[in-house]
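Participant:
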Amino acid sequence: MYTHLQRDQSRPPVTLSTLARMKADGEKIASLTCYDASFAVLLDLADVDVVLVGDSLGMVIQGHHTTVPVTMDHVVYHSAAVARGLHRPFLIADLPFMSYPSRDLALEHSVRLMQEGGAQMVKLESGGKQTDIVEFLAGHDIAVCAHIGLKPQSVHKTGGFRVQGRERETAARLLDEAQRLEAAGADMVLLECIPAALGKSITQALHVPVIGIGAGPDTDGQILVTYDMLDITTGRKPRFVRNFMEGARDNLDAIQRYVRAVKSREYPAKDHCF
Ligand code: KIV
Numbered sequence: 007m008y009t010h011l012q013r014d015q016s017r018p019p020v021t022l023s024t025l026a027r028m029k030a031d032g033e034k035i036a037s038l039t040c041y042d043a044s045f046a047v048l049l050d051l052a053d054v055d056v057v058l059v060g061d062s063l064g065m066v067i068q069g070h071h072t073t074v075p076v077t078m079d080h081v082v083y084h085s086a087a088v089a090r091g092l093h094r095p096f097l098i099a100d101l102p103f104m105s106y107p108s109r110d111l112a113l114e115h116s117v118r119l120m121q122e123g124g125a126q127m128v129k130l131e132s133g134g135k136q137t138d139i140v141e142f143l144a145g146h147d148i149a150v151c152a153h154i155g156l157k158p159q160s161v162h163k164t165g166g167f168r169v170q171g172r173e174r175e176t177a178a179r180l181l182d183e184a185q186r187l188e189a190a191g192a193d194m195v196l197l198e199c200i201p202a203a204l205g206k207s208i209t210q211a212l213h214v215p216v217i218g219i220g221a222g223p224d225t226d227g228q229i230l231v232t233y234d235m236l237d238i239t240t241g242r243k244p245r246f247v248r249n250f251m252e253g254a255r256d257n258l259d260a261i262q263r264y265v266r267a268v269k270s271r272e273y274p275a276k277d278h279c280f
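The opening residue of the sequence shown carries number 7 in the working numbering; numbering runs sequentially from there.
(1) Looking at the secondary structure, which residues open and close the beta strand (DSSP E) in which Q136 lies?
(2) Using 8 Å as the cut-off, can you tell me whether the region 87 to 105 makes contact with the region 252 to 265, which would need three or more C-beta pairs spanning the two stretches below that distance?
(3) Verify the contact flag: P215, CB atom, against every heavy atom of the ligand KIV, threshold strictly below 8 Å.
(4) Regarding M32 and the ligand KIV, is the C-beta to nearest heavy atom distance less than 8 Å?
(5) Going by the C-beta, is V231 closer than 8 Å to any heavy atom of the ligand KIV?
(6) Hey, is P158 close to the ligand KIV, as in C-beta under 8 Å from one of its heavy atoms?
(7) May I ask you to list the residues that DSSP assigns as paired with T39?
(8) Distance check for G123 and H2, CA to CA, integer angstroms please.
(9) Is the CB of V59 under 9 Å away from at least one CB in chain D?
(10) Excluding five sequence neighbours on each side, which residues of the same chain lie with their C-beta closer than 8 Å to the C-beta of G133?
(11) Check the C-beta distance from D55 over to F96 and give it rounded, since I have them as a contact under 8 Å.
(12) Go through the region 194 to 238 residue by residue and report every complete run of the beta strand (DSSP E) that reaches 3 residues or more, in order.
(13) Under 8 Å by Cβ, that's how I've got T119 and V82 pegged, so tell me the actual separation to the nearest angstrom.
(14) Taking 8 Å as the cut-off, is the C-beta of I219 nearer than that to any heavy atom in the ligand KIV?
(15) Check for me: the alpha helix (DSSP H) holding E188 runs from which residue to which?
(16) Return helix, strand or coil for A99, following the three-state DSSP convention.
(17) List the residues that DSSP assigns as beta-bridge partners of V128.
(18) From what residue to what residue does the alpha helix (DSSP H) around A254 run?
(19) Using only CA atoms, which one of A36, L49, P18 lies nearest to D256?
(20) Put G123 into one of helix, strand or coil per three-state DSSP.
(21) So, under 8 Å CB-CB, F280 and P215 are touching, yes? Tell me the CB distance rounded to an integer number of Å.
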């Protein structure tokens with residue numbers, strides 16, 4: 007009854023149990039962002055484990071300077087398109103700016119991401135203030151990823167896209183927040199732009215899988231914005247981005263190279279870390 011719709015029995019879909027096992031076994035989790043069905047098919051073929059419909063779509067798809075203008079309708083639209091192209095990867099969708107100011111709105115919007123967008127997990131940019139929202143969603147059996155470190159939805163308040171946790175007090179606060187969010191029921195933590203040493207201590211302190219972007223080599227998995235690693239985005243790239251199109255035959259080959267580099271721990275190298 008539970009398996010009659012599975013398309014390819016040799017490639018069972020990635021679940022939270024798969025990701026927990028990967029963390030326990032030390033197998034790195036390869037993740038990428040995605041915004042449409044065509045790229046979703048490529049990511050699936052390349053055996054990417056986790057796919058994120060990130061609100062970075064506001065920047066790479068819509069051409070905004072920040073993620074702030076992204077709305078629930080935008081994420082639902084892109085998530086539904088991505089879900090149609092995926093079979094194996096675990097699908098996460100972002101709760102966009104101000105879609106989770108209260109527990110009830112966070113629940114209503116998470117339900118939309120899952121029912122209309124096909125997401126299996128929702129991600130929210132979190133700090134101490136979001137702990138009760140994470141607890142509320144987890145209490146309704148919604149899988150939650152808590153995003154800490156650099157939080158792009160807060161750039162107008164924090165003063166820009168800057169590495170977080172360089173000072174001892176902010177590093178201690180981030181470690182404390184990560185542990186509180188896990189205790190509140192977060193099933194995954196995403197760390198953005200923090201020193202590699204802090205990425206390592208948070209990953210070691212948590213039981214749930216930790217995915218990093220610019221958080222060093224020791225997180226349980228890595229994620230990049232697909233348009234960055236395929237060198238589609240122009241201009242200066244963040245330090246942690248590697249161009250996987252270099253030497254690749256095509257997009258699929260580049261994505262496969264990324265998955266291999268993450269699994270073999272060749273990416274991220276020292277040059278990609280803070
Ligand atoms: O929106 C996004 O793409 C993200 C990644 C930067 C992890 O949150």
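Ideal Cβ positions, reconstructed from N, Cα and C, are used throughout, including at glycine.
Facilitator: Straight from the coordinates:
(1) For Q136, no beta strand (DSSP E) encloses it, and the DSSP letter there is neither H nor E.
(2) no
(3) no
(4) Met is not the amino acid found at residue 32; the sequence shown has Gly there. False, no ligand heavy atom lies under 8 Å from that Cβ.
(5) yes
(6) yes
(7) L58
(8) This structure gives no information on residue 2, because the portion of the chain shown stretches from 7 to 280.
(9) No chain D appears in this structure, which consists of one protein chain only.
(10) I154, K157, E183
(11) About 7 Å; that satisfies the 8 Å criterion.
(12) 194 to 198, 216 to 219, 227 to 230
(13) Sequence inspection shows Leu at residue 119; the Thr mentioned does not correspond to that position. With a Cβ gap of about 7 Å, L119 and V82 count as contacting.
(14) yes
(15) 174 to 190
(16) strand
(17) Answer is A99, V150.
(18) Counting along the chain, A254 falls outside any alpha helix (DSSP H), and DSSP gives it neither H nor E.
(19) L49
(20) Three-state DSSP puts G123 in coil, outside helix and strand.
(21) At roughly 21 Å, the Cβ-Cβ gap does not stay under 8 Å, so F280 and P215 are not in contact.
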